[in-house]
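Okay, so the sequence shown: first residue is 1 according to full-length UniProt numbering, each after it adds one.
Built from N, CA and C at the ideal position, the CB exists for glycine as well.
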Amino acid sequence: MYACMHVMDNIYSNRSKAGEGLYSRLSIGRLEGELRAALDASWDSHNNVYLGHRELQHLPTSYNLSALWNDFNHQELLFYGPNATDRRSTTLWRLGNAFLRRSFELHHRHSDIARQLGSLAASDQYKYIHSNGLFELFQGYSSTLNAFVYQAVDTSNTINRLQLVLLVIEGCCICALVVAYMAWLLRKVDNQRYGMYGVFLIVPVGLVRGLASKTVAVEEENSDGEEEHPEELAADDLGGGLGAMAAACGSTWMPAVAGRGVAAGGLAYLHPWQLPGEENLPSPASAPVAMTNVVNTVLTRLHRVVYFAQELAIAGGVEAQQALYPILQTDPKTHPPHHKTHPKKSESPDPQEPEFPHPNPPLDPLPQNRQSEVAALKSEWEVMLYGANSTQATDPHFALARRGVAFEMGPATNTLFASGMACWTPDASDCYPPEHPYAAVVYRGLNAMMQRFFVESDLMLRDAPSAWQLNSSRLDYLFHEGTGNLHWAMFRLTEVHLESVVALYMRVEVFHVVVFVLSWLLAGLFLFGMLRPFMGHTQRETERIAEMLSQLPADVDVEGLLNKALISIKGEVVTPRRVGDQRTGGRNRVVPLSAPFEGEPGELKGGPRPLPSFTKGG
Numbered sequence: 001m002y003a004c005m006h007v008m009d010n011i012y013s014n015r016s017k018a019g020e021g022l023y024s025r026l027s028i029g030r031l032e033g034e035l036r037a038a039l040d041a042s043w044d045s046h047n048n049v050y051l052g053h054r055e056l057q058h059l060p061t062s063y064n065l066s067a068l069w070n071d072f073n074h075q076e077l078l079f080y081g082p083n084a085t086d087r088r089s090t091t092l093w094r095l096g097n098a099f100l101r102r103s104f105e106l107h108h109r110h111s112d113i114a115r116q117l118g119s120l121a122a123s124d125q126y127k128y129i130h131s132n133g134l135f136e137l138f139q140g141y142s143s144t145l146n147a148f149v150y151q152a153v154d155t156s157n158t159i160n161r162l163q164l165v166l167l168v169i170e171g172c173c174i175c176a177l178v179v180a181y182m183a184w185l186l187r188k189v190d191n192q193r194y195g196m197y198g199v200f201l202i203v204p205v206g207l208v209r210g211l212a213s214k215t216v217a218v219e220e221e222n223s224d225g226e227e228e229h230p231e232e233l234a235a236d237d238l239g240g241g242l243g244a245m246a247a248a249c250g251s252t253w254m255p256a257v258a259g260r261g262v263a264a265g266g267l268a269y270l271h272p273w274q275l276p277g278e279e280n281l282p283s284p285a286s287a288p289v290a291m292t293n294v295v296n297t298v299l300t301r302l303h304r305v306v307y308f309a310q311e312l313a314i315a316g317g318v319e320a321q322q323a324l325y326p327i328l329q330t331d332p333k334t335h336p337p338h339h340k341t342h343p344k345k346s347e348s349p350d351p352q353e354p355e356f357p358h359p360n361p362p363l364d365p366l367p368q369n370r371q372s373e374v375a376a377l378k379s380e381w382e383v384m385l386y387g388a389n390s391t392q393a394t395d396p397h398f399a400l401a402r403r404g405v406a407f408e409m410g411p412a413t414n415t416l417f418a419s420g421m422a423c424w425t426p427d428a429s430d431c432y433p434p435e436h437p438y439a440a441v442v443y444r445g446l447n448a449m450m451q452r453f454f455v456e457s458d459l460m461l462r463d464a465p466s467a468w469q470l471n472s473s474r475l476d477y478l479f480h481e482g483t484g485n486l487h488w489a490m491f492r493l494t495e496v497h498l499e500s501v502v503a504l505y506m507r508v509e510v511f512h513v514v515v516f517v518l519s520w521l522l523a524g525l526f527l528f529g530m531l532r533p534f535m536g537h538t539q540r541e542t543e544r545i546a547e548m549l550s551q552l553p554a555d556v557d558v559e560g561l562l563n564k565a566l567i568s569i570k571g572e573v574v575t576p577r578r579v580g581d582q583r584t585g586g587r588n589r590v591v592p593l594s595a596p597f598e599g600e601p602g603e604l605k606g607g608p609r610p611l612p613s614f615t616k617g618g
């Protein structure tokens, strides 16, 4: 936006001509279209921040956002004609509205203003935009972006913790459901086995002994799979089924789990989201979100360097140069000064080096302790590439940007370091021919273009003031690349990085869904793999008991025995008909047969019936 207005002013002031020299690819019509697009985007962003993006909402008081936009903490400089000015306190919301209102007015009336005043810079609108937008409004917007970064990071961490809590609850619920189902199923199996084995307590002892001494013929199709596991055939007592199953399971998965160690085998799988290789999965972090702000700030700082470089080139006198030079100069705190500010009496000042007083003169619009534009751009670029170090992290702007874009694999590093792109501009007419001196730099990627930009900026600042002109070779590269290939390469990097951040959050969301589905699949696999074999073993055991009962003598009422067994399982009280067996009826809830039966050979018919061993106390 500032660059468009400044170029239009230079063209209207006849400092340069459209389509020639520095502005060889520009015209008033093209600049007017680009300025309108920038103003529309700024208007939308300004309103969306304060009023809400999709629905009307107030700025939150957290992160100092409401105070930034509603408190009268900003100084507004007003212009009334050539010499009358006024200063007042205002809010960021009002300052931005006034800035955009005057910008739209300048865009609409630029030709009339230039015809009346001779240049755009002489108008009150241009003065207001230049004085209030470059510093006061820029700092307010930068603080707002920093606050939004902290808000986004905290919201992301809160959502991530909430998702982890939900996964814990889901895992506990799934485990509770599986345990409840297993308890219900095992209780059902116990009742069934109790009833089936209770039949043998009802059958007369003589017949039971006879069955025990006989060879039971079991059908072959009912014993499939048992011959392959003879250890299961040896466990035909009451606990044989469970013991065999435990032995079989213990011989397969227990050693494998035990081999993982105590932590992995005992506690790792209690958490449904804690799976092998989880440490390699991406998770929402503060660095990518914070780096998005840094990448966008690099692009903004790039435009500011281009703007102030043009301002320095058209400065009409020493006083104007003294006011503009400190804005661009290298920060003396981080780089050694290259200019003599106070030459000693024994030294003669170098005529090739500018001699500006130090500290900055009163006309310098830079507040104290603020980095110059070139130094600020270098700091932003360094943090963007490699992340903030311990010193840079003390700045709230860099506090969360600890991982640089240079360590990311993908389109971002290709944009930075990969060569092969001959042109980054969307308009093919702005591309360089292969023999152009800037074509080789563009071909080497964004990092090479930015390093050349730093070199040209430093060389321009080291040149004599007489070399600061619009036709300077230093300014030629700064302007053509700062508004051309370098600008569009940085714009491409901002889009690529934003897409990677969005994709990161989408992967995390998909990961949580996959873990939830995997928890249910593991629960189903457990039920299918652990309980189904046990149920099959129980079913075969039931079939064996039924086959044994089918070989009882024909005069034994098997159906009656089973009915009485079922009645005993349901808990219905059956009055015993024999006094001698009342001792066992109340304790075992099993009622013996009331019909007469035949005992073993050798027993006296009608004699006293022998009781089972457990009724005799032995």
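In the DSSP output, which residue or residues are listed as bridge partners for residue i?
{"i": "Y2", "result": "Looking at the DSSP assignment, Y2 forms no beta bridge with any residue, so it has no partner."}
{"i": "E76", "result": "R88"}
Would you mind working out which of the options sits nearest residue i, comparing C-alpha positions?
{"i": "N47", "options": "E34, W69, L164 and R36", "result": "W69"}
{"i": "L167", "options": "F453, L461, V514 and S131", "result": "V514"}
{"i": "I11", "options": "A98, L470, L100 and A176", "result": "L470"}
{"i": "F454", "options": "A399, G420, A467 and A376", "result": "A376"}
{"i": "T144", "options": "S13, L35, E499 and G96", "result": "G96"}
{"i": "S457", "options": "M449, A467 and L475", "result": "L475"}
{"i": "F79", "options": "I129, A422 and V508", "result": "I129"}
{"i": "R403", "options": "G387, M535 and A440", "result": "G387"}
{"i": "V305", "options": "N293, E373, P553 and T292", "result": "E373"}
{"i": "A287", "options": "D555, T90 and V153", "result": "V153"}
{"i": "E32", "options": "Q57, M1 and Y194", "result": "M1"}
{"i": "H108", "options": "M8, I174 and A84", "result": "M8"}
{"i": "A503", "options": "V318, V289 and Q125", "result": "V289"}
{"i": "S142", "options": "H110, D395 and H53", "result": "D395"}
Keeping to the same chain, check which residues put their C-beta closer than 6 angstroms to that of residue i; ignore five residues upstream and five downstream.
{"i": "A418", "result": "G445"}
{"i": "M490", "result": "L299"}
{"i": "Y438", "result": "Y432"}
{"i": "P337", "result": "Low local confidence applies: a pLDDT of 38 at P337 is under 50, so the model's placement there is unreliable, with the coordinate-based value given in what follows. If we look at P337 and ignore the five residues flanking it on each side, it has no Cβ neighbours."}
{"i": "S16", "result": "N10, L22, Y23 and L470"}
{"i": "D237", "result": "Because the pLDDT at D237 is just 40, under 50, the model does not fix this residue reliably, and the point stays unresolved."}
{"i": "residue 622", "result": "Residue 622 lies beyond the range of the chain shown here (1 to 618); nothing can be said about it."}
{"i": "K127", "result": "F79"}
Identify, in the order they occur along the chain, each residue of the same chain with its Cβ nearer than 8 angstroms to the Cβ of residue i, setting aside the five sequence neighbours on each side.
{"i": "S429", "result": "R25"}
{"i": "H6", "result": "Y307, Q310 and E311"}
{"i": "L100", "result": "L39, S42, W43 and H46"}
{"i": "S27", "result": "A18 and G19"}
{"i": "M449", "result": "V441, V442, E481, N485, L486 and A489"}
{"i": "S123", "result": "L106, I113 and L117"}
Is it buried or exposed, residue i, if we count other Cβ atoms within 10 angstroms and call 16 or more buried?
{"i": "E380", "result": "buried"}
{"i": "T483", "result": "buried"}
{"i": "E76", "result": "buried"}
{"i": "A464", "result": "exposed"}
{"i": "W468", "result": "buried"}
{"i": "V189", "result": "buried"}
{"i": "D350", "result": "With a pLDDT of only 43 at D350, under the threshold of 50, the placement of this residue in the model should not be trusted; the figure read from the coordinates follows. Exposed, since its Cβ has fewer than 16 Cβ neighbours within 10 Å."}
{"i": "W184", "result": "exposed"}
{"i": "R115", "result": "exposed"}
{"i": "Y181", "result": "exposed"}
{"i": "L120", "result": "buried"}
{"i": "A84", "result": "exposed"}
{"i": "Q539", "result": "exposed"}
{"i": "Y72", "result": "Reading off the sequence, residue 72 comes out as Phe, not Tyr. Burial call: exposed."}
Less than 6 angstroms between the CB of residue i and some heavy atom of the ligand NAD, yes or no?
{"i": "E20", "result": "Judged by which ligands are present, the structure shown has none, so any question about the ligand NAD falls away."}
Starting from the C-beta of residue i, find all residues in its chain whose C-beta is less than 7 angstroms away, skip the five residues before and the five after it, and write them out in chain order.
{"i": "E496", "result": "Residue identity differs from the one stated: residue 496 is Val in this sequence, not Glu. Only P411, A412 and T415 meet the Cβ criterion."}
{"i": "G580", "result": "Low local confidence applies: a pLDDT of 42 at G580 is under 50, so the model's placement there is unreliable, and no value is given."}
{"i": "N296", "result": "T494"}
{"i": "T292", "result": "H497, L498 and V501"}
{"i": "A406", "result": "L385, Y386, T413 and L416"}
{"i": "A137", "result": "The residue asked about is misnamed: residue 137 is Leu in this sequence, not Ala. L95, G96 and F99."}
{"i": "A523", "result": "I174 and V178"}
### Task
Please list the segments of the alpha helix (DSSP H) lying wholly inside the stretch 491-553, counting only runs of 4 or more residues, in order along the chain.
532-550
### Message
Going residue by residue through the stretch 295-326, where are the continuous beta strand (DSSP E) segments of at least 3 residues, counting only ones entirely within it?
### Response
none
### Task
Entirely within the stretch 384-472 and at least 4 residues each: give me those alpha helix (DSSP H) ranges in chain order.
411-417, 439-443 and 446-462
### Message
Going residue by residue through the stretch 13-89, where are the continuous beta strand (DSSP E) segments of at least 3 residues, counting only ones entirely within it?
### Response
74-80
#### Entry: Unbroken stretches of the alpha helix (DSSP H), 4 residues or longer, contained in the stretch 94-170
124-128
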